[in-house]
Structure formats: structure tokens, C-alpha cells
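Colleague:
2 protein chains.
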Amino acid sequence: MNQIGIGLLGFGTVGAGVVEGLQKNGSLIARRIGVELVIKRIADLDLESDRGIEVDRSIMTTDAVSVIEDPAVQVVIELIGGTTVAKDLTLRALRLKKPVVTANKALLAEHGDEIFSLAEENQADLYYEASVGGGIPIIRSLREGLVGNHIESIYGILNGTCNYILTRMERDGIPFDDVLKEAQEAGYAEAEPGLDIDGIDTAHKAVILAALAYGFPVAMSDICIEGIRGIDPMDINYAKELGYRIKQLAVIKHVSDAVEVRVHPTLIPINHMLGSVSGVFNAVMANGDIVGETLYYGRGAGREPTASAVISDLADVARNLVFESESRVPPFVAHEHYGKLRSMGDVEARYYFRLSLLDEPGMMARVADILGRHKISIASIVQKESKSGEHVPVIILTHEAVESNFQSALEEMDALKEVGAKTVRYRIEDLA
Amino acid sequence: MNQIGIGLLGFGTVGAGVVEGLQKNGSLIARRIGVELVIKRIADLDLESDRGIEVDRSIMTTDAVSVIEDPAVQVVIELIGGTTVAKDLTLRALRLKKPVVTANKALLAEHGDEIFSLAEENQADLYYEASVGGGIPIIRSLREGLVGNHIESIYGILNGTCNYILTRMERDGIPFDDVLKEAQEAGYAEAEPGLDIDGIDTAHKAVILAALAYGFPVAMSDICIEGIRGIDPMDINYAKELGYRIKQLAVIKHVSDAVEVRVHPTLIPINHMLGSVSGVFNAVMANGDIVGETLYYGRGAGREPTASAVISDLADVARNLVFESESRVPPFVAHEHYGKLRSMGDVEARYYFRLSLLDEPGMMARVADILGRHKISIASIVQKESKSGEHVPVIILTHEAVESNFQSALEEMDALKEVGAKTVRYRIEDLA
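Those sequence lines, one after another, are chains A and B. Following numbering that gives the first Met the number 0, the numbering of the first sequence begins with 0 at its first residue and continues without gaps. Following numbering that gives the first Met the number 0, the numbering of the second sequence begins with 0 at its first residue and continues without gaps.
Below, the structure written as C-alpha cells:
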């Protein structure tokens, strides 16, 4: 049987998962694909820690370059993370025409252009199933399964930490800070949680999906990124009363002549399949013009699910090496069918907002007047009974409105002296 | 750009969908895959009907063999259906070493062995994404996305007609016969609905998924197939009270040294993602030993979703032709890891059953005694208040029991003179 030699860069959680996965299921995989996948070299700065698996120490080194250059290594797995060393090593492997399998969403989101070009130039494979949605085969499904479709929209719950926090807040009524602390203790959130809870990680993944679906590069700096930090349980409850659940959502949508890419906490219908995605699970809904609505669900992170995705890419690369069909499925194809990002101000969305309004005669008329002047029409209002002369929460759901108009209206409302606190607002996606 | 010539056999609903899909998105697909997909010939007995799309009449013929043999045809799409003509033509194409794309689940389920062998012998590709789950890329996901996993179980809602009927019965409390009639009028069910409602269609798909996941051929005649015909709204309601929903489910499960494959109406937890799959939608949950739980959801039938799947296979075949990597992904690989089908009598499951029991002192003790002697323990009982001396429905949920034991217990219970009607029973899957 053919054998493919693998060089692994980064022997952390996921790296150990890949080695373990190949130890466990290697013979089954070999029978399935007709090629044996063999880890020939492993590079990591830490040669000592016990990863809970048996590895021949002699294949380990701190010198990643020597792994890439080793003639026994035919494919390189990059699991170092970050955008500095990982980038240099990825580029180095591609220049040697060695295929690379990576889980590095930040690298692809921030330097995809350069990396994809170099892969193309060298006719080297670059596979990245593990970079989005953990074990969910979403890259493969979009790129190959839905290849016949114009993608109309993609909605993704792509960050397990955010989804865990929001699920727990809703289910158990615990405030944001407490859940975050608990998640950190349980290992579901990092000590520095910003990458997750401020939306950066979701945005990295959104940018990768958007580029794949629409065939033009999307820059992180050009998209709207809002996080879930400090979400108030009050809004989770009001949303629920109105039939919605708040999810940290990546929204990628083709509207007329442009593509929207945005990441923010979003009200989605409680009864929708995406609304049922709870805890650390991820899900992606992709709508194609032919296939209609499709949805993919699974564990979005962690040692084993991510390893499963890396192994699926290894299998593809191995087949390509055996059949000499390198670059059979390029990592990125510029088809630029829509080719343009919609600026955030032009986005049309429905809004949920919560005003802290002094309960006085005529106040609601003033709010309604501001909304009307900015072409925002009200879909529903919830105001609980209260004592006159106090600030009360008033929840308003709008029909579709233009983001820049809504933003102006919000500033005007917040400037009213009868508004007691900064107005909280979230966007709504009805997913229909 | 490279061009691949396609011969289409069967110009019905799905065939027209494929032609339309290529007309609509052909240039986008060509940019994505670097190959142009061109319909060169179409065979159908009906050359007259208007399919609602423009087609050059000169490429149409009633002679399917001439299409297969045409040198301009490099890949054959089989959309004739059935297991006679479709089989002959598929074998003929493979013998000419021409790759075949098919949506024909019956053909693969009943003659997979012969077809897969011939494909292997001739190193010809055979792709069948459209045969299971319509537009959902489930074959690709299982075969490639989860290639690194031992599959522990697959649960599938695979027949839109059944799911539509069950959804409508539950939502609107309409009896089975009325919903079936309505579904037939709406085109969701065939005039001869047996293939769907008696479980055959779901079984065809289950057999294909099982063979793919476990690498050994599974015969239709060896598996348990039960349909939804005559399901009583009463049981749908009782199930709901107990937190379950009745779904027509394909259950494929590795247990110790064998694989269970069975198709039957099944109680599944109402809160599970699969429980939320309503109407004509399909979904498949696949559990891998590394990746954990994954789920795939979308439209399971119809012109456009099925066409989307066929086109995805065409793209794969086209790439294989261009890269000369035919049989890169064989249609079936015998890895026989478990290799054995569990006989139905040995299956362990939980059961829901509804007794029609004369409300007399001591009756429940007699039932409990029968269950106890067959090693069946009761998880819960529901009995509504009633007048003494009448037959009342008693609903019992069991813990795990052996099928053959349960069957014997059922016969004993039904032989009691105090049991007024044949006991209704369904299996439960907790999906956890």
C-alpha cells in the first residue's frame, strides 16, 4: 500500500489529537483511502510534556524547518496557530511544493491572499477544513457539495465559547460575568477571552466562508464585528418573550449587487433549527439558489473534532499525491461573481432595541417621531406597567431599516434627556 | 477551458432540474472547478413534453444506448429510476469505462454489489450523492468529511413524504388517511404511496449509508422495515406528553460486534435537533468516534435539491477526468470492520406500547408479570382515569429490552382476554 509521510508542526491539544486519531483509526483509514498516513516528524518547542499518547521521541524536534525540509515529509500539518511563525512555515512548505493542512483561521483570514497565491503558484495543495466549525465538514460541503449553487446566504454559530455563555445565561439566568468566569474555570473560555467574546474568532471564520462562497477576498478590517461582552440577561429574557433567542452569529448574505459580512449578537427565531444549537456546539446554515436551505451541525472546537477535520484533509491530500492530482481543488478560486462588500451603513436589518425611558406623557410620541423621520417603522412594542415618573425599559422591534438611519435615530434618542441610559440594540435575522 | 460532455438518461423532473441548474449556474461552476460541464445528449421516451426549459431538440433521442456510446459523452447521468432498464444502462456505461452519476437509491440498494464491482473492475467512477438525502451532501460528508472516524451510529429522517405526514398529523391533529390524501393531492405523496409510507424508500437509503459507513454489503431482505401506515394520532399525542415525537427513522448502529440496520417509526426526544426536523425536510445525524455528534439537514427530494446533488457529483467526476484520477474515491470500499449485521431479534431497544386493557383489579399486575418474566423493566406508565369495567389505553415505556423478548411478551399480552385490541408498539431512540 502507498504510504504518505506527514510532518506535524505544533504538538499541542489538536496536534496530539491528530496523532491519537491516526493511531486509533489509521488502519481503517488506510483501507478506506488506499493510502497509509504516517507521522514521520513532529516539531514543537516543548519536547517534554506528556500528551497522553505514545510517540517515538526520536521523531520529535524543536526545529520546524528541518521537519518541512525532510524528504520523508510529503505533507505538512500546521497547528502552531497565530500569524507569525505559522505564516513563515506555511509559506516555506508551499515554496517547496509541499501540501499544507492547517486549522489556522487567523492566518487564513488575515493573510489568505498571500498564502492562496503562493499555493497556486507552486501547484501545492492547501486544505483548511479544521479552520471553521471544528469537526463539521462545512468547507468541503460548501466547496464541493454545493458547488452547483449560487450561495444566497450563510448564517453561522461559529464560536463555542460564545454559544456556551449565551446558552447558560438563558437557561440558568446567570449574569454574563459569572458565566464567563465559570467557563474559564471549566476550560471553555480562555484566560484572555477577547478573541472569542469580542467576535474576532467568529469574524475570522466568517471571512473564510465568505471568500470561499463568493470568490473574492474579504478583509477583516472591512467588516462589522461586535461581541457579546456584557450582554444583559434582561435582553435575553425580553428576546425570549418575543420568540427570539440571542446568538453570536456570522451573517454572510448576498443582497442585490453586493455581499454583507458581519458578526454580531443577533436575535433569531427560537423555533428555527439554528435556535436549537446550544452549548459549545456550532452550526452553519447555507442557502443555495438550487438546493435551498441546508444546515451542518457538530462540535466546533476541541482536540478530537478538530483532529477529525485535519485527518479528512490529510486523506484528500494523500489521494492527490497518489493520483498526482495536486491542486485538484484549489484553496481559493477567484470567481468574483458578486465581488463587492456592502458597507455596513447600507445594510438593511430589523432591530431590537431597549430604551430606558422616563414614563411621562408624550415620551413615546417623541421616540416614534425620531424613528419616523429616519424611515424606521415599528413592528412591535413591549412596555411593562410601571410607576409614572420613573425610567422604564421599553422594547421596540422594527421592520427592516437602513443601518445608517438606525444609527442616527439611536443617537437622537440617546440625546433625549428623558432617556436614562445608553440604548441597547441588537439586529434581528428571521432566517426565512 | 476543459470541457466535459454529459449524456443524460431520463429527462423527468430531476433531469430537467439538472439541465436547468447547468444553464443557470454553468459559468459559475466552470470558474469554480476549471471545467465546463456540457449536456451533449439526452435520452427519454418522451420527446414532446414541455419541461419548462429550452433544450436543443436535436440532442434528444429515445435511444439511451446511443447516448452512452456517443464518443462525445464522457459521463453518464442515470435518472431513469427503477432497477431494470436503469441497471442495464448503468452497467453498459461502466463497461465502456464511462463514469456514472446516479440518483437511483433502489438500484444501489438492491444491486449495489454487482454495480460497485463492475465500477471497480473498469476503474470507472460511480457517484451517488443524490441517492440519499436529496440536496444534503451526506454521502460526501460521510465518505470524505468523516473518513477518519469509526461511525458509531447514524440516525436518518430520509423520507420527506413520511415526515410531512407525521408533522401534519402532530401539528394539526389530522388522522393518517386524511393527511395522506391531502399529501397526494399536493404532490407530496405518490398515488401508490407504499414505497414511501411502508418504509421501503427509507430502507433503500439506510442500506446505502450502512454499506458506506461499515464497508460491507447490507441486503434489503436482512433488515427490519416497518412503515407509518395507519399511525394513530392518539400515539402521537401520548408520545408528545412523554416528551417524544414520532419520526420515521433509519437507525444504523454499531453495537459490540455487529451493526444494526432498521427502519421504523421511532419515538425520539422532542428537544433533540432531529426532533425539530419538520415537513418535507430530511436530516441525518452521524456520530463518529473522534468527531462526536454531527448533523446534516436540508431538502430531501424534489427537482432542485436533487439536481444540486447530481451537479456536485458531475463536478467531482469532471475533476477526475481532467486530472486522470478516475476511481480516486471508489463508490464502495470493503473494509468490513464490523462486517456483520445484527439479527433483529437480538436488537436491544426501549419500547413504547399502548395496551387496550380492561380496567379491572389485578390487570396491571398480570401485565407486569409478563414483562418481568421476559426481562423487560418498566420505565414509566401513563393511564388516564376511566370507568371501571371498560377498556382503557395504558401506555408503558420500557427500559432497554431484547427485541425477541419483547416480541414474546407482546404475544402473551395480546392473548389475554382482558386485552381489547392488538397492542400498538414503537421503538424509542434517545439519541444520546
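Cβ coordinates follow ideal geometry from the N, Cα and C atoms, glycine included.
Just grab the DSSP bridge partners of A/K252 for me.
Modeller: Here residue 252 of chain A corresponds to residue number 253 of the first sequence, with the count starting at 1. Paired residue(s): A/S152 and A/E259.
Colleague: Looking at the strands, I want to know which residues DSSP matches up with B/A285.
Modeller: Position 286 of the second sequence, counted from the first residue, corresponds to residue 285 of chain B. Beta-bridge pairing links B/A285 to B/I153 and B/T293.
Colleague: Mind checking who A/G6 pairs with in its DSSP beta bridge?
Modeller: Taking the first sequence and counting its residues from 1, the one referred to as residue 6 of chain A is at position 7. Answer by DSSP bridge pairing, in chain order: A/R40 and A/V75.
Colleague: What is the DSSP secondary structure of A/M59, reduced to helix, strand or coil?
Modeller: Working through the first sequence from its first residue, we reach residue 59 of chain A at position 60. Of the three classes helix, strand and coil, the one that applies to A/M59 here is strand, per DSSP.
Colleague: Run down chain B in chain order and give the residues with a C-beta less than 7 Å from the C-beta of A/H334.
Modeller: Position 335 of the first sequence, counted from the start, is the residue given in the question as residue 334 of chain A. Residues of chain B passing the Cβ test: L27, R30 and R31.
Colleague: Okay, do the segment 74-85 of chain B and the segment 302-314 of chain B touch, 3+ Cβ pairs below 8 Å being the bar?
Modeller: Output reads yes: the segment 302-314 of chain B touches the segment 74-85 of chain B.
Colleague: Taking contact to mean 3 or more Cβ pairs, one atom from each stretch, closer than 8 Å, check whether the segment 149-166 of chain B and the segment 218-237 of chain B are in contact.
Modeller: Contact between the segment 149-166 of chain B and the segment 218-237 of chain B is present, because at least three Cβ pairs lie under 8 Å.
Colleague: For the segment 250-264 of chain B against the segment 343-351 of chain B, do three or more pairs of beta-carbon atoms, one drawn from each stretch, fall closer than 8 Å, so that the two count as touching?
Modeller: Yes, since at least three Cβ pairs between the segment 250-264 of chain B and the segment 343-351 of chain B fall closer than 8 Å, the two stretches touch.
Colleague: Using the beta-carbon count (16 or more within 10 Å), is B/D177 buried or exposed?
Modeller: Looking up residue 177 of chain B in the second sequence gives position 178. Result: exposed.
Colleague: Counting pairs of beta carbons, one from the segment 234-248 of chain A and one from the segment 211-218 of chain A, are three or more of them closer than 8 Å?
Modeller: The segment 234-248 of chain A, when compared against the segment 211-218 of chain A, does not touch it at the 8 Å Cβ threshold.
Colleague: What residues of chain A sit near B/P268, judged by a beta carbon separation below 7 Å?
Modeller: Here the question's residue 268 of chain B lines up with position 269 in the second sequence. Here the premise fails: no neighbours, minimum Cβ distance about 12 Å.
Colleague: Whole angstroms are fine: how far does the CA of B/V100 sit from the CA of B/L357?
Modeller: Numbered from 1 along the second sequence, position 358 holds the residue referred to as residue 357 of chain B. Numbered from 1 along the second sequence, position 101 holds the residue referred to as residue 100 of chain B. For B/L357 and B/V100, the distance between alpha carbons rounds to 57 Å.
Colleague: Since A/M284 and A/L266 are thought to touch, with beta carbons under 8 Å apart, how far apart are those beta carbons, to the nearest angstrom?
Modeller: Position 285 of the first sequence, counted from the start, is the residue given in the question as residue 284 of chain A. Position 267 of the first sequence, counted from the start, is the residue given in the question as residue 266 of chain A. About 15 Å separates the two Cβ atoms, so there is no contact after all.
Colleague: Can you find a CB in chain C that lies within less than 7 Å of the CB of B/Y296?
Modeller: Chain labels in this structure do not include chain C; the protein chains are A and B.
Colleague: If you run the structure through DSSP and keep just helix, strand and coil, what is A/I52?
Modeller: The residue given as residue 52 of chain A occupies position 53 in the first sequence. Reduced to three states, the DSSP call for A/I52 is coil.
Colleague: Between the alpha carbons of B/L409 and B/K374, how many angstroms are there, rounded?
Modeller: As a working mapping, residue 409 of chain B is identified with position 410 in the second sequence. As a working mapping, residue 374 of chain B is identified with position 375 in the second sequence. Computed Cα separation, rounded: 13 Å.
Colleague: For A/E359, I'd like the list of residues in its chain whose CB is within less than 8 Å of its CB, leaving aside the five on either flank, ordered along the chain.
Modeller: Within the first sequence, residue 359 of chain A is the residue found at index 360, counting from 1. Only S387, G388 and E417 meet the Cβ criterion.
Colleague: Using a threshold of 7 Å, state whether the C-beta atoms of A/H398 and A/A378 are closer than that.
Modeller: Walking along the first sequence from the start, residue 398 of chain A turns up at place 399. Walking along the first sequence from the start, residue 378 of chain A turns up at place 379. In this structure, A/A378 lies closer than 7 Å to A/H398 by Cβ.
Colleague: Classify B/G371 as buried or exposed, calling it buried when 16 or more other Cβ atoms lie within 10 Å of its own Cβ.
Modeller: To locate residue 371 of chain B, count along the second sequence from 1; it is residue 372. Classification of B/G371: exposed, given that the 10 Å Cβ count is below 16.
Colleague: Check the DSSP bridge columns for A/I224 and list the partner residues they point to.
Modeller: The sequence position of residue 224 of chain A within the first sequence is 225, counting from 1. In DSSP, A/I224 forms a bridge with A/V262.
Colleague: Determine the chain A residues that contact B/P304 at a beta-carbon separation under 7 Å, and present them in chain order.
Modeller: Looking up residue 304 of chain B in the second sequence gives position 305. Those within 7 Å of B/P304 in chain A are V290 and G291.
Colleague: So, B/G159 versus B/A249, is the Cβ gap smaller than 7 Å?
Modeller: Here the question's residue 159 of chain B lines up with position 160 in the second sequence. Here the question's residue 249 of chain B lines up with position 250 in the second sequence. For B/G159 and B/A249, no; Cβs fall outside 7 Å.
Colleague: If I measure Cβ to Cβ from B/C223 and keep anything under 6 Å in the same chain, skipping five residues before and after, which residues do I get?
Modeller: By one-based count along the second sequence, residue 223 of chain B stands at place 224. Taken in chain order, the residues that qualify are R261 and M343.
Colleague: Kindly indicate which three-state DSSP category B/L21 falls into: helix, strand or coil?
Modeller: Start at 1 with the first residue of the second sequence, and residue 21 of chain B comes out as number 22. Of the three classes helix, strand and coil, the one that applies to B/L21 here is helix, per DSSP.
Colleague: State yes or no: is the C-beta of B/N103 within less than 7 Å of the C-beta of B/G287?
Modeller: Position 104 of the second sequence, counted from the start, is the residue given in the question as residue 103 of chain B. Position 288 of the second sequence, counted from the start, is the residue given in the question as residue 287 of chain B. No; because the gap between Cβ atoms is not below 7 Å, this pair is not in contact.
Colleague: I'd like to know whether the C-beta of A/P98 is nearer than 7 Å to at least one C-beta of chain B.
Modeller: Numbered from its first residue, the first sequence carries residue 98 of chain A at position 99. So, not an interface residue.
Colleague: Following the continuous beta strand (DSSP E) through A/E347, name the residue where it begins and the one where it ends.
Modeller: Translated into positions along the first sequence, residue 347 of chain A becomes position 348. Where A/E347 is concerned, the enclosing beta strand (DSSP E) stretches over E347 to L357.
Colleague: Using the Cβ count rule (16 or more neighbours within 10 Å means buried), how would you classify B/A190?
Modeller: Within the second sequence, the letter at position 191 stands for residue 190 of chain B. B/A190 comes out exposed.
Colleague: Where do the ends of the beta strand (DSSP E) carrying B/L273 lie?
Modeller: Within the second sequence, residue 273 of chain B is the residue found at index 274, counting from 1. Here B/L273 belongs to no beta strand (DSSP E), and DSSP marks it neither H nor E.
Colleague: Taking only three categories from DSSP, how would you classify B/K104?
Modeller: Sequence index remark: in the second sequence, residue 104 of chain B carries index 105 (1-based). DSSP places B/K104 in helix when its eight states are reduced to three.
Colleague: Could you tell me which residues DSSP pairs with B/V393 in its beta bridges?
Modeller: Mapped onto the second sequence, residue 393 of chain B falls at position 394. Per DSSP, B/L354 and B/Q382.
Colleague: Starting from A/V497, follow its DSSP beta bridges and name the residues at the other end.
Modeller: Outside the shown range of chain A, which is 0 to 431, sits residue 497 of chain A, and nothing can be said about it.
Colleague: Taking 7 Å as the limit between beta carbons, can you name the residues of its chain near A/D195, skipping five residues before and five after?
Modeller: Residue mapping note: residue 195 of chain A aligns to position 196 of the first sequence, counting from 1. Here the set comprises N158, T160, C161, A188 and E189.
Colleague: For B/E402, which residues in the same chain have their Cβ closer than 8 Å to its Cβ, ignoring the five residues on either side in sequence?
Modeller: Against the second sequence, residue 402 of chain B aligns to sequence position 403. The residues are M343, G344, D345, V346, E347 and A348.
Colleague: Hey, quick one: how far does the beta strand (DSSP E) through B/K427 stretch, first residue to last?
Modeller: As a working mapping, residue 427 of chain B is identified with position 428 in the second sequence. Going by the sequence as given, residue 427 of chain B is Ile instead of Lys. Start and end: V423 to I427.
Colleague: By Cβ distance below 6 Å, which residues in the same chain neighbour A/R91 in space, the five residues on each side in sequence not counted?
Modeller: Translated into the one-based positions of the first sequence, residue 91 of chain A becomes position 92. Closer than 6 Å at the Cβ level, and outside the excluded window around A/R91, lie I67.
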